[in-house]
Each structure stands twice: as structure tokens, then as C-alpha cells.
Amino acid sequence: MMSRAERTPLTDWWWTVDRGLLAGLTALMVAGLVFLMGGGPPVAEKIGLPTFHFLNRQAMYLAPTILIIVAVSFLSLRHIRRVALATWIVGVTLCILAGKFGPEIKGAHRWIQFGPFGLQPSEFVKPAFVVVAAWAFSEGAQRRDMPGGLLAILLLPVTIVPLILQPDFGQTMLITIVWCSLFFVAGLHWFWVAGLGVAGLVGVGVAYQFLHHVRERITRFLDKDSGDSFQEYWARESFNSGGWFGTGPGEGVAKRHLPDAHTDFIFSVTGEEFGVLVCLGLVCLFAYIVMRGLKLARRTDDTFSRLAITGLTTLFGLQACINMAVNVRLMPAKGMTLPFVSYGGSSLISLALGMGFLVALTRKRPRMSTLSQKPPGTAPATVAGVMR
Numbered sequence: 002m003m004s005r006a007e008r009t010p011l012t013d014w015w016w017t018v019d020r021g022l023l024a025g026l027t028a029l030m031v032a033g034l035v036f037l038m039g040g041g042p043p044v045a046e047k048i049g050l051p052t053f054h055f056l057n058r059q060a061m062y063l064a065p066t067i068l069i070i071v072a073v074s075f076l077s078l079r080h081i082r083r084v085a086l087a088t089w090i091v092g093v094t095l096c097i098l099a100g101k102f103g104p105e106i107k108g109a110h111r112w113i114q115f116g117p118f119g120l121q122p123s124e125f126v127k128p129a130f131v132v133v134a135a136w137a138f139s140e141g142a143q144r145r146d147m148p149g150g151l152l153a154i155l156l157l158p159v160t161i162v163p164l165i166l167q168p169d170f171g172q173t174m175l176i177t178i179v180w181c182s183l184f185f186v187a188g189l190h191w192f193w194v195a196g197l198g199v200a201g202l203v204g205v206g207v208a209y210q211f212l213h214h215v216r217e218r219i220t221r222f223l224d225k226d227s228g229d230s231f232q233e234y235w236a237r238e239s240f241n242s243g244g245w246f247g248t249g250p251g252e253g254v255a256k257r258h259l260p261d262a263h264t265d266f267i268f269s270v271t272g273e274e275f276g277v278l279v280c281l282g283l284v285c286l287f288a289y290i291v292m293r294g295l296k297l298a299r300r301t302d303d304t305f306s307r308l309a310i311t312g313l314t315t316l317f318g319l320q321a322c323i324n325m326a327v328n329v330r331l332m333p334a335k336g337m338t339l340p341f342v343s344y345g346g347s348s349l350i351s352l353a354l355g356m357g358f359l360v361a362l363t364r365k366r367p368r369m370s371t372l373s374q375k376p377p378g379t380a381p382a383t384v385a386g387v388m389r
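According to our numbering, the sequence shown is numbered sequentially starting from 2.
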């Protein structure tokens with residue numbers, strides 16, 4: 002057990018970090034390995050790989066994942082902003098290159114190949130974009146000479162246009178919704194909230210009209226007889242088969258028909274083998290992490306930290322909600338992973354970066370006092386930088 006009397010970087014980190022948040026993330030990683038034992042083997046056997054290929058690789062990816070979370074959580078606010086800005090610039094550049102030169106996978110160009118390794122740069126753009134946008138909004142709130150609001154507005158099209166061209170409508174929608182939440186928390190008037198909502202509906206309508214794969218997914222979701230609903234059918238059957246208590250680990254049948262049982266539809270596999278009750282427990286675990294993050298955001302006095310924590314927490318929770326909603330057929334298929342549960346190297350490492358930012362931002366830091374030194378009996382100076 003670490004003592005408060007010891008003054009080392011590690012002990013300082015341990016006593017200032019939010020251990021409840023760390024515990025929730027650790028529980029998710031362990032749950033991911035357990036659930037992947039059910040969803041990974043049938044996919045691996047189908048493509049001629051060893052039975053536990055995906056499980057072993059996921060366990061291998063967890064080592065750098067944990068290392069990145071811990072390392073990033075040591076960063077100061079200044080270094081968080083610098084790392085996020087550099088990651089965003091590199092990520093957007095790689096997204097452009099992926100759209101032009103990346104291999105076509107399922108009709109989209111979203112990956113960059115580095116020899117035998119593949120990288121999906123949009124995964125790294127998401128957490129970096131949230132921090133950079135929060136930085137711009139906070140600077141605009143604190144400094145009248147800084148056009149932070151305008152910069153934050155310009156950040157959105159620069160980020161999502163390369164994603165639309167890939168095309169990656171799911172990530173585009175996710176980033177846009179998180180940006181709107183930041184705009185709202187930064188003090189946006191309700192009139193502009195309604196305007197953004199209308200603009201979002203127009204954007205969905207335009208995507209439906211001009212993007213074939215978007216139109217196909219939405220049409221298939223609204224009318225299951227209009228096209229191939231193979232994945233949706235077996236995802237629904239997995240919950241019907243599992244019931245409240247599940248068929249037992251390794252006893253699922255629907256997972257042998259789902260092509261992405263180890264990634265997009267890991268929640269369905271969990272429902273079949275472990276039951277609806279375990280799925281509800283997983284939902285509660287995600288809800289705990291989100292509520293913990295929002296509670297910590299509310300407690301902080303720093304505008305940048307409050308916006309960044311809110312954005313990162315919203316990004317994490319919204320991605321989980323979209324994945325689970327697709328699995329229970331409340332939304333059209335999006336191709337989005339379940340954080341720390343679905344298999345994926347790029348997904349895990351990018352989540353580690355985002356959660357590392359979150360852990361760093363929620364650490365207990367000395368309050369920045371702007372009170373000037375005045376003789377006794379005089380009024381203290383006004384605290385500047387409070388968001389209107």
C-alpha cells in the first residue's frame with residue numbers, strides 16, 4: 002500500500018487519480034477478454050486461424066493499452082493540449098491519405114497499412130478532436146481577443162470532410178454529436194441548439210439521398226424485407242436464445258452466423274451465452290463510468306478541463322450506446338465497436354489515449370488562485386475566466 006508520506010511521482014499519481022474511474026475501466030477490460038472467449042473462436046475458425054487467435058491478440062494489445070492510459074494520465078494540462086493537437090493533425094492527414102490510397106474494405110477506404118499492421122486513423126482523431134475543440138471553446142470563453150468559438154466551428158468541417166469522403170458516416174455522426182454537446186456546454190443558446198438539430202436532420206437527409214450505403218442501411222432498418230437483414234436477424238435471435246440467464250459460455254449458436262461476432266456484435270454474443278442480466282450489468286458499468294466522468298467534470302473549476310472531460314465522457318458513452326443500440330435493433334448498423342469489449346487494436350489504443358486524457362484531466366490538482374495579495378480588510382480580486 003502506498004503511503005501519502007512518500008513523495009514520488011508514482012505515489013503522487015496514486016493519491017490524485019480518480020481510482021473509481023480506473024476501477025471501472027479495468028473491469029471493462031477484463032469483461033472484454035471474458036466475452037471475447039465466446040465471440041472470437043467461431044470467427045477465427047471460419048477464416049482458418051487458431052481458435053483463440055483474437056483472444057490472444059486482444060490480451061497482447063491490452064499491455065500497451067494500460068501503459069498508454071497510465072503514461073498519458075501523468076501529463077499536465079499544457080502537455081495534454083499539445084499531444085492532442087499533434088495527434089489531431091497527424092490523424093486528419095492520415096485520414097486523407099487513407100481515403101486516397103488506403104485499401105478498400107467493405108466499400109470504404111478507412112485503413113492505412115504499415116507493412117503487416119493496419120491502422121484506422123479516424124479512431125485516433127476522435128479523442129484528439131474533443132480535446133482540441135474543448136481548448137478552442139475555453140480560450141474563446143476566457144479571452145476576448147481570441148476567436149476560440151470560430152476556431153472550434155472551423156475544426157468540425159476540417160475533421161469530418163475526410164471521414165465523409167472515405168466514407169465513414171458512423172464516425173462522422175459520432176464526432177458531430179459530441180461537438181454539438183461541447184457547443185451546448187460552452188454556453189450555446191437554445192436557439193442555436195435547435196438550429197444544430199435541424200442542420201443534423203438535413204445532413205442525414207442529404208446522406209440518405211446521395212450516399213448509397215447510407216440509404217441501403219436506413220431502408221433495411223425501416224423495412225426488414227427490403228434487403229439482406231442477415232446480421233440483424235441473428236443479432237435478435239441471440240437475445241431470444243439466451244433469455245435472462247444465457248445458454249452458457251461457448252454454447253451459443255447465433256455467433257456462428259454473425260460475421261462480426263468478435264467486434265460489432267460482441268454484445269449480441271454476450272446476450273446469448275451470458276444472458277440479458279449480464280448485458281444489463283455491462284450497461285450499468287458503462288453508465289457508471291459516464292456518470293463518474295460527468296460528476297468529476299461538474300466539480301472542476303477549470304473551463305478547459307470541464308469541457309474536455311464532458312466531451313471525452315460523452316464520446317465514450319455515446320459510442321457504447323450506438324453499438325448496443327445496433328445490437329438490439331434500435332439503430333441501423335454503424336460498424337462501431339463496443340469500447341474495451343470488442344476486438345480491435347486501433348480501437349483499444351485510441352481508447353487508451355482518450356481515457357488517458359480523461360484520467361489526467363480528472364486528477365486532483367491544486368486550485369489556481371487569482372486572489373491578489375492585499376492588506377487585511379480589503380476585498381479580494383475578482384476571479385477571472387468564469388464562463389458566462
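No residue lacks a Cβ here, since even glycine has one placed at the ideal position from N, Cα and C.
Beta-carbon proximity of P128 to G294, cut-off 7 Å: No, the Cβ-Cβ distance between P128 and G294 is not below 7 Å.
Cα-Cα separation between F184 and R144, rounded to whole angstroms: If I take the Cα positions, the gap works out to 17 Å.
Residues bridged to I106 [DSSP beta-bridge criterion]: Residue pairing by DSSP places I106 opposite A109 in a beta bridge.
L164: first and last residue of the uninterrupted alpha helix (DSSP H) it sits in: Per DSSP, the unbroken alpha helix (DSSP H) holding L164 starts and ends at 149-166.
Exposure label - A32; buried when at least 16 CB within 10 Å: By the Cβ-count criterion, A32 is buried, with 16 or more other Cβ atoms from all chains shown falling within 10 Å of its own Cβ.
DSSP state of Q320 mapped onto helix, strand, coil: Judged by DSSP in its simplified three-state form, Q320 adopts helix.
7 Å Cβ cutoff met for Q172 and L164: Result yes, Cβ atoms of Q172 and L164 sit closer than 7 Å.
Three-state secondary structure assigned by DSSP to V384: Confidence at V384 is low in this model, with a pLDDT of 32, below 50, so the placement of that residue should be treated as unreliable; the coordinate-derived value is given next. Looking at V384 - three-state DSSP - the assignment turns out to be coil, as it is neither helix nor strand.
Top-ranked residue by Cα proximity to G247, from D19, A195, V270, M147: Minimum Cα distance to G247 is reached at V270.
6 Å Cβ shell around E238 - same chain, five flanking residues per side excluded: If we look at E238 and ignore the five residues flanking it on each side, its Cβ neighbours are A255.
Residue range of the beta strand (DSSP E) that includes F118: DSSP places F118 in the uninterrupted beta strand (DSSP E) bounded by 118-120.
Assigned exposure category for T338 - 16 Cβ within 10 Å defines buried: So T338 counts as buried.
Nearest-angstrom Cβ-Cβ length linking L319 and L175, presumed shorter than 8 Å: Contact holds; Cβ gap of about 6 Å.
Interface flag, M30 vs chain C, CB-CB below 7 Å: In summary, chain C is missing from the structure at hand, where a single protein chain is found.
contact_flag[the region 90-98, the region 120-139] where n(CB pairs < 8 Å) is 3 or more: With the cut-off at 8 Å, the region 90-98 and the region 120-139 touch.
At least three beta-carbon pairs within less than 8 Å, the region 79-94 to the region 287-303: No, they do not touch.
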